[in-house]
Amino acid sequence: MSEWKDLTNESQIRWDGIAEFWDDYMGEHSNRFHREIVRPQTEQLLSIVEGQTILDIACGNGNFSRRLADLGAKVVAFDYSSKMIERAKLRSDDYINRIEYKMIDATNYDSLIELGTDQFDGAVANMALMDIADITSLTKAIHQLLKKKGVFVFSIPHPCFQAPNTRKIHETEEIHGEVVTRNSVQISKYLNPEPMETIGIKGQPVPHLIFHRSLSYYVNLFVSSNFVLDGWEEPSFQKDEDSNKRFDWYELPPAVIFRFRKL
């Protein structure tokens with residue numbers, strides 16, 4: 001089974017339960033992962049032009065929605081967590097005329113289409129599709145919501161390196177009198193879609209659900225919905241002096257970012 005729409009309600013309940021914790025942690029500027037891995041390449045692939053209308057899918061507390069507005073876009077942003085939308089609005093007093101926040105379930109095709117066909121120059125979903133139990137309706141809807149040649153840019157944890165039961169390994173070894181450290185991941189699953197619980201931020205009150213899908217699943221789904229893949233990035237952290245003291249993803253990309261264009 002590749003989609004788990006029956007888990008949507010459970011997923012939504014959990015996100016409402018951790019929304020305030022995530023918002024407090026992310027704050028106004030988000031975390032290092034979003035600042036260094038997600039945002040730069042996403043902005044490059046979106047190539048925002050002032051005056052464009054952009055749809056921000058699963059917007060969370062609105063950090064990237066506000067960034068899009070700062071780049072000159074008119075933004076419609078939605079999330080299925082009412083508490084996330086509340087927090088996003090509280091942080092967006094200075095963006096009243098530039099961002100419109102809505103509470104929408106991304107698995108509900110009819111609610112999505114009400115946003116208006118051929119209305120958006122682009123759409124974006126930052127680290128969110130893996131949180132959505134069923135993305136088939138969303139994929140179909142996005143094609144209708146976008147203008148001709150409009151783009152959809154989304155990032156997800158890299159499924160090749162963050163599959164279910166992945167082990168992060170930090171090794172230290174002495175070679176010819178020199179201490180050498182290595183970071184690696186051990187993968188035992190990849191191809192089969194699978195829902196699982198995860199802790200995205202250390203200390204979050206309860207785990208949330210994510211839905212593992214292979215790279216080919218995403219590509220085949222969008223290509224079959226009349227999109228063409230015309231952008232692909234696998235960003236990683238830059239190695240620094242502390243990299244050997246922790247598991248830092250400077251050789252293995254922790255995320256993958258796609259750009260699909262409407263045909």
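Note that the sequence shown covers residues 1 to 263 in UniProt numbering. C-beta: ideal position from N, C-alpha, C; glycine also.
As computed with DSSP, I257 is found in a beta bridge with S155 and E233. Look at the beta carbons and you see the stretch 191–207 touching the stretch 1–17: at least three pairs across the two are nearer than 8 Å. The criterion of a C-beta distance shorter than 8 Å is not satisfied by V153 and T53. In the structure shown, G150 falls within a strand segment according to DSSP collapsed to helix, strand and coil. For M26, the enclosing alpha helix (DSSP H) covers residues T8 to M26.
Per the coordinates, the alpha-carbon of E10 lies some 11 Å from the alpha-carbon of G17.
Under DSSP, I175 shares a beta bridge with E178. Relative to R39, the option among I210, V49, D131 and V124 whose CA is nearest is V124. DSSP lists no beta-bridge partner residue for A141. A Cβ-Cβ separation of about 6 Å places K147 in contact with D121 under the 8 Å criterion.
DSSP lists Q186 as the bridge partner or partners of R167. Annotated three-state conformation of K89 is helix, per DSSP.
Under the DSSP definition of a beta bridge, K262 partners with F227.
In this structure the stretch 55–74 touches the stretch 18–31; the number of beta carbon pairs closer than 8 Å is three or more. The stretch 132–142 makes contact with the stretch 94–111: 3 or more CB pairs, one atom from each, lie closer than 8 Å. I156 and L129 do touch by the CB rule: their CB atoms are close to 5 Å apart, below 8 Å.
Non-local beta-carbon contacts of I135 in its own chain, meaning distances under 6 Å to residues more than five positions away in sequence, involve L129 in chain order.
Proximity to D240 across E251, E234 and I96 peaks at E251, based on C-alpha coordinates.
Assigned with DSSP and collapsed to three states, A106 falls in coil, not helix or strand. Taking C-beta separations shorter than 7 Å and ignoring five residues to either side along the sequence, the partners of A69 in its chain run V75, Y95, R98 and I99, following chain order. For the options R213, S214 and I199, the alpha carbon positioned closest to that of P207 is the one of I199. Residue burial annotation: Q238 is exposed, with fewer than 16 other C-beta atoms found within 10 angstroms of its C-beta.
With respect to the 8 Å criterion, Q12 and S81 are classified as neighbours on the basis of their beta carbons. Beyond the five residues adjoining it in sequence on each side, G51 comes within less than 7 Å, by CB distance, of G72 in the same chain, given in chain order. Assignment of A69 by DSSP, reduced to helix, strand and coil, places it in the helix class.
In its chain, beyond the 5 residues on either side, A141 have a beta carbon closer than 6 Å to the beta carbon of L112.
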